[in-house]
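K.L.:
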Amino acid sequence: MDSITNWYFGSLETYHSVEPFEKFQEDEFLDISLVPLLQAELWKAQSRIKELEAEKFGSSQEKIRSKRGKKGKETKYENSRLKKKILDMKSSVKRLRRKRDTMEKVCEELVTKICELKTETNRLWDEREEERQMFHIAEMSREEKVRVKLMDANLALQEKYEEMNWFVDELEKSLEMTREVGGIEEMSLRRGKALIKTARSMEVVDNKMDFEGFEFVSDDDDK
Numbered sequence: 287m288d289s290i291t292n293w294y295f296g297s298l299e300t301y302h303s304v305e306p307f308e309k310f311q312e313d314e315f316l317d318i319s320l321v322p323l324l325q326a327e328l329w330k331a332q333s334r335i336k337e338l339e340a341e342k343f344g345s346s347q348e349k350i351r352s353k354r355g356k357k358g359k360e361t362k363y364e365n366s367r368l369k370k371k372i373l374d375m376k377s378s379v380k381r382l383r384r385k386r387d388t389m390e391k392v393c394e395e396l397v398t399k400i401c402e403l404k405t406e407t408n409r410l411w412d413e414r415e416e417e418r419q420m421f422h423i424a425e426m427s428r429e430e431k432v433r434v435k436l437m438d439a440n441l442a443l444q445e446k447y448e449e450m451n452w453f454v455d456e457l458e459k460s461l462e463m464t465r466e467v468g469g470i471e472e473m474s475l476r477r478g479k480a481l482i483k484t485a486r487s488m489e490v491v492d493n494k495m496d497f498e499g500f501e502f503v504s505d506d507d508d509k
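The sequence shown lines up with residues 287 to 509 when you count with my numbering.
1) Alpha carbon to alpha carbon, how far is V392 from R381?
2) Rounded to the nearest angstrom, what separates T484 and E415 at their Cα positions?
3) Taking just the CA atoms, how far does T388 sit from R367?
4) Using a Cβ-Cβ cut-off of 6 Å (strictly less than) and excluding sequence neighbours within five positions of R384, which residues of its own chain qualify?
5) Just the C-alpha distance for A439 and M426, rounded to the nearest angstrom, thanks.
6) Below 6 Å CB to CB, which residues in the same chain sit around R409 once its five sequence neighbours on both sides are set aside?
7) Work out the CA separation of E327 and K336 for me, nearest whole Å.
8) Counting only the same chain and skipping the five closest in sequence on each side, list residues whose C-beta sits under 7 Å from that of V491.
Here's what the structure looks like:
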């Protein structure tokens with residue numbers, strides 16, 4: 287009897303193998319009085335089998351629930367970790383975007399400043415060129431005025447020299463006539479000849495002077 291109750295009831299095969307055993311007992315033994323006892327033991331065995339199977343099913347369900355709970359915790363932890371990572375990435379993207387916007391703004395300001403400086407430089411260059419041209423024109427005008435004045439002075443001087451030569455010629459003629467006629471003092475004659483000689487020497491020097499060859503030199507050329 288102990289062998290019947292000590293079966294391993296871990297599977298459904300044991301449960302399904304009991305009914306054939308009952309028929310075997312009825313056919314094998316002729317003592318009918320043992321049948322109720324065997325049936326009672328059979329029922330106990332079947333009940334035990336059902337209890338063990340229920341315990342096994344409950345244990346399996348508990349394991350499944352435990353695994354599901356553990357898996358759920360792991361999934362929750364992984365989701366939390368991924369969520370935190372995504373939030374960190376979003377924060378990093380926002381920070382990089384702010385830096386990019388700041389750099390773009392700085393670049394735009396630099397471009398604007400460079401354009402302003404370029405415009406100012408071109409304006410100053412144009413003003414300098416304009417002043418240089420005006421100064422050049424003023425120098426040319428000044429040089430032309432000086433040349434005109436020199437030419438006027440040269441003409442006036444030539445007129446004076448021509449006038450002086452005429453007087454010298456007249457003086458020579460007068461002295462020559464006076465010497466031939468007589469009546470002039472030797473001292474006055476010498477003095478007249480000396481004046482004529484001085485005037486002639488000045489005329490020679492003056493003829494060597496070329497006022498047209500004068501070149502105007504500005505203050506900038508001296509520097």
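Just so you know, even glycine gets a beta-carbon here, dropped at the ideal spot from N, CA and C.
P.N.:
Let me lay it out:
1) Rounded to whole angstroms, V392 and R381 show a C-alpha spacing of 16 Å.
2) Approximately 55 Å between the Cα atoms of the pair.
3) Taking the straight line from one Cα to the other gives about 31 Å.
4) Result list for R384: empty, nothing under 6 Å.
5) Taking the CA atoms as reference points, A439 sits about 20 Å from M426.
6) Result list for R409: empty, nothing under 6 Å.
7) Straight through space, the alpha carbons of E327 and K336 are spaced by roughly 14 Å.
8) In this prediction, V491 has a pLDDT of 45, which is less than 50 and means its spatial position is unreliable; what the coordinates show is noted afterwards. Excluding residues within five positions, none has a Cβ falling inside 7 Å.
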